[in-house]
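Reading through the structure tokens given below for one structure.
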Amino acid sequence: MLSIENIDVRYGDLQVLWGVSFEVREREIVVLVGANGAGKSTTLKAISGILKPSSGSIRFDGIHLDQVPSDKVIGYGVVHVPEARRLFREMSVEENLIMGSLSRPAKAKRKETLEYVYGLFPRLRERRKQAAGTLSGGEQQMCAIGRGLMALPRVLMFDEPSLGLAPILVQEVFEIVKRIKEEGVTILLVEQNVRQTLALCDRAYVLENGRVVLHGTGSELMADGHVKEAYLGL
Amino acid sequence: MDVFLQILVAGFLKGGLYALIGIGMTLIMGVMGIINLAHGQLMMVAMYVTFVLHSFFGVDPYLSLFVAMPALFLLGVVIQKYLLNPLIKAETILPENQVLMTVGIGMVLTEVIRFIFKSDYKSVTTSYTGATFFLGSISFSWALVVAFGIAVAFTVAMFFFLIKTDLGRSIRATAQDKDAAILMGVNTRRITVITFGLGTALVACAGTLLVPVYYVFPDLGGPFTAKAFIITILGGLGSTVGAIFGGVTLGLAESLGATYLGMEYEDIVGLTIFVLVLLFLPGGFKRLTKV
Ligand SMILES: Nc1ncnc2c1ncn2[C@@H]1O[C@H](COP(=O)(O)OP(=O)(O)OP(=O)(O)O)[C@@H](O)[C@H]1O
Ligand SMILES: [Mg+2]
């Protein structure tokens, strides 16, 4: 469904990704794990078009996403919930959610999707008039996820949704991710919570210094010596 | 007491127009992160459009809003699209250079207008130019009252647009987090173009409304750019509500200054407030109103 082939990505002169390839199949949860600075966020930015690969290709259902202008990517149903949430801080919760549904099909279903999101996160309904910048960290994450859902995603990419949340909320976020998958959305998840995400995912890729060094199913990687040593602290 | 009230009224009415000038400036500031130093010069061009329509075709200044605003919207679009946005593309050029570009645009506009119309002061006299009415012992200039009403109407419409429409929300979103807006599918390049057009149309509206009560001359751009700058700093950069407060404050201050200190102090009062705000309330009224 989504296939990344051999991409190089750079920030100016600094090359950060080196020949990264991986694939996300329909209705899977795929996880990218890796240390700080490995290039996980960079990979997601390349898929959503904020950065363009200098070589290689990114295809989604046969469409060359790497040649699509960055603001058009969401229209294909490839939706990026960015690192650190990146909400519109001075806009209300509801306005943030609405901003997720600008494309024509999403706009047509805006009311229904809004109800669905409020059903998923009752907390957001209570706070709908509040400025997003004044929400707690957990509420902000819910708002960011909700905003992504408003776009009627076919693939939803999360960049560290559990960052800075209390353990109980981390659990809740992962439950939500599973629920979204069960509704038929394909998921690409970037996480540093390696143990929990490997347990949750279908397949995972390990990124080190901008290269994919390992991949396999969650349980395969959990049993892998290198993963155990480097990421699970065993 | 009556004199004082009279001054407040005059200042307040003028403040409505200043608010419109300030909102145009602050919109551009918010989305592009630059001060548009051609703002007053663009207003001057709009005033000449209105002047020409009146003296050659006999069009009432208020009716020429329908020409001046769309014309200046287009001029703003062209400036943003072909003169300012290309500067962002070249990575070696600092964003600050967009500000320098606006300075250049302002100069070119002034000189082109001077070339065509000479430096003379022109004025547009209509049947209502000197007309006044009284409420109690306070006199109201019809032209200023009408201008104020129209300015308020456009301000309200602008708020409605920014809050209730997808395009308006996209403008605010772009101002708050450009990359996040792109992720949501906002074509931010198009937004900068539309915003510059809107900001210019708003200042064109203010300029046109000023025509019946003010002079038209090529060099009026500079002082009005300075006023716009003062208003946006007073209001807190990028804040629309703040721009309204800033505009009204400047209008009142100028009126009071002109009366109690003397006409020649009108502009100095604005600048003094500007410096005081920077010193004692950095961030402007936005700090107080939070919007
Ligand atoms: N805007 C940028 N300009 C230059 N270099 C950058 C930029 N953003 C990231 N990098 C560099 O690219 C590398 C990969 O960054 P990236 O954000 O993709 O890492 P990450 O795997 O998401 O890390 P983390 O877990 O800390 O979020 C890092 O070395 C980082 O310093
Ligand atoms: Mg990251």
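Same order as they appear, the protein sequences are chains A and B.
Position one of the first sequence corresponds to residue 1 (the working numbering), numbered consecutively onward.
Position one of the second sequence corresponds to residue 1001 (the working numbering), numbered consecutively onward.
Ideal Cβ placement from N, Cα and C applies to all residues, glycine included.
Fair warning: this is a prediction, and the values are worked out from it, not measured in the lab.
Would you kindly work out how many angstroms separate the C-alpha atoms of residue i and residue j, rounded to a whole number?
| i | j | result |
| --- | --- | --- |
| K109(A) | T1240(B) | 31 angstroms |
| S103(A) | T1125(B) | 50 angstroms |
| G1238(B) | V1099(B) | 16 angstroms |
| G34(A) | E182(A) | 26 angstroms |
| V117(A) | L149(A) | 7 angstroms |
| T1050(B) | A1157(B) | 22 angstroms |
| S48(A) | V79(A) | 7 angstroms |
| R89(A) | A1038(B) | 30 angstroms |
| K1290(B) | I145(A) | With a pLDDT of 47 at K1290(B), under the threshold of 50, the modelled position of this residue cannot be trusted; read the value that follows with caution. Whole-angstrom Cα-Cα distance: 26 angstroms. |
| H226(A) | Q192(A) | 16 angstroms |
| T1165(B) | F1056(B) | 39 angstroms |
| V24(A) | G164(A) | 27 angstroms |
| M1(A) | L188(A) | 12 angstroms |
| T1195(B) | R59(A) | 34 angstroms |
| D1002(B) | G1235(B) | 29 angstroms |
| L1065(B) | Q1176(B) | 31 angstroms |
| V20(A) | K52(A) | 13 angstroms |
| F1115(B) | N1187(B) | 38 angstroms |
| L87(A) | G1197(B) | 27 angstroms |
| V1275(B) | I1034(B) | 20 angstroms |
| E115(A) | L232(A) | 39 angstroms |
| L1256(B) | K107(A) | 51 angstroms |
| N1036(B) | V1045(B) | 15 angstroms |
| V212(A) | R1189(B) | 34 angstroms |
| Y1265(B) | A1226(B) | 15 angstroms |
| F1308(B) | I1150(B) | As shown, chain B starts at 1001 and ends at 1291. That puts residue 1308(B) outside it, with no answer to give. |
| E1111(B) | P1218(B) | 8 angstroms |
| Y11(A) | G37(A) | 13 angstroms |
| Q1041(B) | L65(A) | 43 angstroms |
| N1097(B) | F1117(B) | 30 angstroms |
| Y205(A) | Q171(A) | 22 angstroms |
| M91(A) | Y1260(B) | 43 angstroms |
| R154(A) | F1154(B) | 41 angstroms |
| F1012(B) | S1139(B) | 13 angstroms |
Please name the residue in the options whose C-alpha comes closest to that of residue i.
| i | options | result |
| --- | --- | --- |
| K237(A) | L124(A), Q196(A) and G216(A) | Examination of residue 237(A) is not possible in this model, given that chain A is present from 1 through 234 alone. |
| D1179(B) | D71(A), Q67(A) and E229(A) | D71(A) |
| A1010(B) | L1087(B), T1132(B) and I1171(B) | T1132(B) |
| L207(A) | L14(A), V31(A) and L2(A) | V31(A) |
| E42(A) | I98(A), N6(A), I145(A) and L17(A) | The residue asked about is misnamed: residue 42(A) is Thr in this sequence, not Glu. Among I98(A), N6(A), I145(A) and L17(A), the Cα nearest to that of T42(A) is on L17(A). |
| F22(A) | Q15(A), L44(A) and Y11(A) | L44(A) |
| L1271(B) | Y1260(B), G1262(B), I1233(B) and T1259(B) | I1233(B) |
| L156(A) | V9(A), Q67(A), G75(A) and D13(A) | G75(A) |
| S162(A) | P153(A), V81(A), S92(A) and G37(A) | V81(A) |
| Q140(A) | G62(A), V68(A) and V93(A) | V93(A) |
| S57(A) | V9(A), R27(A) and A38(A) | V9(A) |
| A151(A) | G210(A), E112(A) and G37(A) | E112(A) |
| I1028(B) | L1017(B), A1253(B) and V1203(B) | V1203(B) |
| C143(A) | E160(A), F121(A), R154(A) and F158(A) | F121(A) |
| G1136(B) | I1088(B), V1277(B), L1005(B) and G1030(B) | L1005(B) |
| S3(A) | G62(A), V190(A), P167(A) and A166(A) | G62(A) |
| P105(A) | E83(A), L124(A), G77(A) and R85(A) | G77(A) |
Does residue i get closer than 8 angstroms to chain E when you measure Cβ to Cβ?
| i | result |
| --- | --- |
| E94(A) | The structure shown contains no chain E; its protein chains are A and B. |
* Could you tell me which uninterrupted beta strand (DSSP E) segments, each at least 3 residues in length, are contained entirely in the region 14-101 of chain A, listed from first to last along the chain? => Every beta strand (DSSP E) stretch that sits fully inside the region 14-101 of chain A and reaches 3 residues is listed by chain position as 14-24, 29-34, 55-60 and 78-81.
* Asked: Along the chain, which unbroken stretches of the alpha helix (DSSP H) at least 4 residues long are found entirely within the region 1233-1269 of chain B?
  -> 1240-1260
* To do: Name, going along the chain, the residues of the region 65-92 of chain A whose beta-carbon falls closer than 9 angstroms to a beta-carbon of chain B.
  => P69, S70, D71, K72, V73, I74, G75, V79, H80, V81, P82, R85, R86, L87, F88, R89, E90 and M91
* Using 8 angstroms as the threshold, is the region 217-229 of chain A in touch with the region 187-201 of chain A, meaning 3 or more CB pairs across them? -> yes
* Would you list, in chain order, the members of the region 1180-1202 of chain B that have their beta-carbon closer than 8 angstroms to a beta-carbon of chain A? => A1180, A1181, I1182, L1183, M1184, G1185, V1186, N1187 and T1188
* Inter-stretch contact at 8 angstroms, needing at least 3 Cβ pairs: the region 1105-1117 of chain B / the region 1201-1215 of chain B -> no
* Asked: Is the region 1022-1032 of chain B touching the region 1238-1258 of chain B in the sense that three or more CB pairs, one from each, lie closer than 8 angstroms?
  -> yes
* **Cβ contact (3+ pairs, closer than 8 angstroms) linking the region 95-102 of chain A and the region 113-128 of chain A** => yes
* At which residue ranges does the region 1132-1204 of chain B contain complete beta strand (DSSP E) runs of 3 or more residues, listed in the order of the chain? -> 1132-1135 and 1138-1141
* Contact residues within the region 1153-1175 of chain B, judged by C-beta distance below 8 angstroms to chain A -> D1166, R1169, S1170, R1172 and A1173
* Going along the chain, which residues of the region 104-119 of chain A sit with their C-beta nearer than 9 angstroms to a C-beta in chain B? -> A106 and K107
* Which of the residues in the region 27-57 of chain A, read from start to end, lie with their CB under 7 angstroms from any CB of chain B? -> S48 and I50
* Asked: According to a CB-to-CB cut-off of less than 8 angstroms, which residues of the region 117-147 of chain A neighbour chain B?
  -> R147
* Which residues, in chain order, does the region 151-168 of chain A contribute to contact with chain B at a C-beta distance below 9 angstroms? -> A151
* 3 or more residues per run - each beta strand (DSSP E) lying fully within the region 101-173 of chain A -> Restricted to the region 101-173 of chain A, the beta strand (DSSP E) segments that are unbroken, complete and at least 3 residues in length are 155-159, listed in chain order.
* Note down, in chain order, all residues in the region 171-197 of chain A with a beta-carbon under 7 angstroms from any beta-carbon belonging to chain B. => none
* Curious, which full-length beta strand (DSSP E) runs of at least 3 residues does the region 1054-1104 of chain B contain? -> none
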